[in-house]
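With our numbering applied, the sequence shown covers 19 to 153.
Glycine included, C-beta positions come from ideal geometry on N, C-alpha and C.
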Amino acid sequence: MKVLAGKSNYPIQNYDPTKKEHFLLMDGKKVKTFINEKLNESIDWLLDNHIAETEDIDYVITHQANKVVIENCLKERGIPSKKILKTVELLGNTGSGSIYITIAEHFKIFKQTGKKILICGMGGGLTWGAIYYKT
């Protein structure tokens with residue numbers, strides 16, 4: 019992800035909208051690869067440190083930019099789509115709010131005892147993180 023213009027070399031005051039150099043550019047394939055890599059890395063770390071097997075996970079919540087990318091990535095890890103809590107098909111990509119929106123939408127699950135929930139997020143600037151939550 020990059021922006022071609024900006025900073026002191028080409029400040030926003032000199033902006034020419036026809037050049038589109040102040041817009042954020044993204045290489046979709048690289049971002050998809052990054053998401054798969056970090057999601058798998060997060061799951062591996064949590065499995066090694068907190069969870070015995072992927073079968074022990076009751077639910078997964080991730081940043082929800084793309085339903086197919088998430089489902090395919092988790093399927094590779096042995097996590098079926100029925101365990102993935104989603105809101106992307108209802109609301110689209112809600113950015114960094116997608117995890118919170120999904121938790122609110124499925125809050126009744128968090129009231130149940132003994133549920134093991136994996137939460138993984140990716141954000142602007144390609145930051146990432148994951149937690150394991152047991153109700």
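- Judged by DSSP secondary structure, residue 122 falls within the alpha helix (DSSP H) whose first and last residues are 116 to 123.
- Under DSSP, the beta-bridge partners assigned to residue 140 are 146.
- Per DSSP, residue 153 lies in no beta strand (DSSP E) segment and is marked neither H nor E.
- Per the Cβ contact rule, the region 107 to 127 is not in contact with the region 66 to 74 (fewer than 3 Cβ pairs under 8 Å).
- With a cut-off of 8 Å on Cβ pairs, the region 51 to 62 is not in contact with the region 104 to 120, counting fewer than three such pairs.
- By a beta-carbon distance limit of 8 Å, residue 96 contacts residue 72. Their separation comes to about 5 Å.
- Under DSSP, residue 78 forms a beta bridge with 102, 136.
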